[in-house]
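Here is the structure we will look at.
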Amino acid sequence: MQAVNMFEAKNKLSGLVAKVEQDGESFLICRNGKPVAELVRHHPRNRLKTLPALHVKVAGPLFDDDMSEDWECLS
Numbered sequence: 001m002q003a004v005n006m007f008e009a010k011n012k013l014s015g016l017v018a019k020v021e022q023d024g025e026s027f028l029i030c031r032n033g034k035p036v037a038e039l040v041r042h043h044p045r046n047r048l049k050t051l052p053a054l055h056v057k058v059a060g061p062l063f064d065d066d067m068s069e070d071w072e073c074l075s
């Protein structure tokens, strides 16, 4: 990663962006010798594809016990 000062980055921004675009170079932009920003190639995020609905067929009872008394207590 090449460091450039703020003045140079301002005056040569289109050239720096072209290098990032074409060659994948990245630049560290400094103010008074201290890093403040990075100019790097953008990598778009892959959006998650929606999954088709999951269809489940229940072939038998979900519980072995008769839970009707438990449900009555909750009511």
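Residue numbers (the working numbering): 1 to 75. Heads up, the beta-carbon is just placed ideally off N, CA and C, and yes, glycines get one too. Remember, it's a predicted structure, so these values are computed and weren't measured experimentally.
Assignment of Glu-38 by DSSP, reduced to helix, strand and coil, places it in the strand class.
Between Val-36 and Ile-29, the alpha-carbon positions lie close to 6 Å from each other. Ranking Asp-65, Val-58, Lys-57, Leu-16 by CA distance to the CA of Arg-41 puts Leu-16 first. One alpha carbon belongs to Gly-33, the other to Ala-18, and they sit about 24 Å apart.
For Val-4, the enclosing beta strand (DSSP E) covers residues 2-5.
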